[in-house]
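A short worksheet on the structure shown next.
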Amino acid sequence: MTQTTSNSHLILTGDRPTGQLHLGHYVGSLRQRVTLQDRYPQYILIADLQGLTDNGSRPEKIAHNVLEVMADYLAVGIDPQRSTICLQSALPALAELTMLYMNIVTVSRVERNPTVKNEIQQKGFARSLPAGFLVYPISQAADITAFGADLVPVGDDQQPMIEQTNEIVHKMNSLLPEPVLRHCQALLSPVGRLPGVDGSAKMSKSLGNTLTLSATEEEIHKAVSAMYTDPQHLRISDPGKVEGNVVFTYLDAFHHDTEKVAAMKTHYQQGGLGDRQCKNELEECLQALLAPIRERRKTLIADKGMLLELLKAGSEKAHQKTQQTLVKVKRGLGLPVMF
Ligand code: TRP
37 MTQTTSNSHL ILTGDRPTGQ LHLGHYVGSL RQRVTLQDRY PQYILIADLQ
87 GLTDNGSRPE KIAHNVLEVM ADYLAVGIDP QRSTICLQSA LPALAELTML
137 YMNIVTVSRV ERNPTVKNEI QQKGFARSLP AGFLVYPISQ AADITAFGAD
187 LVPVGDDQQP MIEQTNEIVH KMNSLLPEPV LRHCQALLSP VGRLPGVDGS
237 AKMSKSLGNT LTLSATEEEI HKAVSAMYTD PQHLRISDPG KVEGNVVFTY
287 LDAFHHDTEK VAAMKTHYQQ GGLGDRQCKN ELEECLQALL APIRERRKTL
337 IADKGMLLEL LKAGSEKAHQ KTQQTLVKVK RGLGLPVMF
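The following block contains the structure:
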């Protein structure tokens, strides 16, 4: 077998620019990207085309959030010198590969994707399901393979995308005289999904239970004060429950002193530790985390020209990279490559 891709690892990850990023993104992926950028070459895709798949009639929302997300990335410490940040709609190879892959994936296969199935139901699309939305996993497979990424840091809801990508890799490679596309695997975050501040399973903008990376001191205070704890824990002296107690879930995710959190948990379970005190501890740690991010973000978003220049530079580099894959696939399929 001819070696078509290098053996060294390469990361692709990304976000739909549907709004500002929040604490859920921070624990689930942003924090990990900051660490990973020192270890592997890393591309980060602002997936505006994917964002449009369920916002077709609200393009201004997606367009507006491209630079908001860019500012979020830089504010948390993603370094454009070490990570290449690029824009999906600026990379024609991704759209072309999507067109090619669509012919080797059946409609019934995309309809079986559990994440897409769930989303279709949640969004209540029924007969008004946009065709682009149904096939977004195919476009995501194009993203991943165009970069030759083998490691994809994503949340567990994205596992089906990885699985589907690998099926496409297998099928497409079998049609080519020698394999071009690389198989990939998910890099799951060590911390599970962060619940919303109201205790619901997911932190999501549409549920109004998020804390964005630009949350003010007052917003953080309010969110922590209203946070769901153990409804049975009425008096300080009562034994309290830690499981399902959002304050402790957040302490686990954000507090650097795990021993202290463990001691607090024991104390809380025995009785004698009040909710207020736990919330104070959490608030202090969230204020300390978000204050510098918020300040950096404020400076960054005030210079949209600079953000756009950085995104352009990253997209140029990504364009070269993804174009190479497209050309290899086209050649392998016997399509004339004109330019
Ligand atoms: N589907 C991802 C999300 O909703 C965004 C995304 C698009 C992505 N293309 C990608 C993630 C490629 C990883 C790799 O967050």
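Each residue of the sequence shown is one higher than the one before, counting from 37 in the working numbering. Cβ coordinates follow ideal geometry from the N, Cα and C atoms, glycine included.
Quick check on this structure: which residue in the options has the alpha carbon closest to the alpha carbon of residue i?
{"i": "Ala251", "options": "Ser44, Thr49, His45 and Gln56", "result": "Gln56"}
{"i": "Arg148", "options": "Met135, Ser164, Ile174 and Thr134", "result": "Ile174"}
{"i": "Glu253", "options": "Leu48, Arg145, Pro328 and Cys122", "result": "Pro328"}
{"i": "Gln158", "options": "Val205, Asp115 and Asp90", "result": "Asp90"}
{"i": "Leu85", "options": "Ala178, Phe290, Leu66 and Cys220", "result": "Ala178"}
{"i": "Asn202", "options": "Asp339, Ile140 and Gly92", "result": "Ile140"}
{"i": "Lys364", "options": "Ile180, Asn209 and Glu155", "result": "Asn209"}
{"i": "Pro116", "options": "Leu130, Ile80 and Leu66", "result": "Ile80"}
Which residues in the same chain as residue i place their Cβ atom closer than 7 Å to its Cβ, once the five residues preceding and following it in sequence are excluded?
{"i": "Ala259", "result": "Val233 and Leu247"}
{"i": "Glu132", "result": "Leu362"}
Using a Cβ-Cβ cut-off of 8 Å (strictly less than) and excluding sequence neighbours within five positions of residue i, which residues of its own chain qualify?
{"i": "Leu127", "result": "Ala182, Ser351, Ala354, His355 and Thr358"}
{"i": "Arg163", "result": "none"}
{"i": "Lys301", "result": "Val278 and Phe284"}
For residue i, count neighbouring Cβ atoms within 10 angstroms of its own Cβ and tell me buried if that reaches 16, exposed if not.
{"i": "Thr142", "result": "exposed"}
{"i": "Thr54", "result": "buried"}
{"i": "Met106", "result": "buried"}
{"i": "Glu319", "result": "buried"}
{"i": "Glu317", "result": "buried"}
{"i": "Leu369", "result": "exposed"}
{"i": "Thr49", "result": "buried"}
{"i": "Pro231", "result": "buried"}
{"i": "Met197", "result": "buried"}
{"i": "Cys314", "result": "buried"}
{"i": "Val373", "result": "exposed"}
{"i": "Leu270", "result": "exposed"}
Between residue i and ligand 1, is the CB less than 7 Å from at least one heavy atom?
{"i": "Asp108", "result": "no"}
{"i": "Gln158", "result": "no"}
{"i": "Leu66", "result": "no"}
{"i": "Gly50", "result": "yes"}
{"i": "Gln176", "result": "yes"}
{"i": "Gln305", "result": "no"}
{"i": "Asp266", "result": "no"}
{"i": "Gln86", "result": "yes"}
{"i": "Ala338", "result": "no"}
{"i": "Val188", "result": "yes"}
Within the present structure, is the beta-carbon of residue i separated from the nearest heavy atom of ligand 3 by less than 7 Å?
{"i": "Asp74", "result": "No copy of ligand 3 occurs in the structure displayed; its ligands are ligand 1 alone."}
Within a Cβ cutoff of 6 Å, which residues of the same chain sit near residue i, ignoring the five residues on either side of it in sequence?
{"i": "Ile272", "result": "Gly310"}
{"i": "Asp266", "result": "Gly276, Lys277 and Asn281"}
{"i": "Asp193", "result": "Thr151"}
{"i": "His303", "result": "Leu309"}
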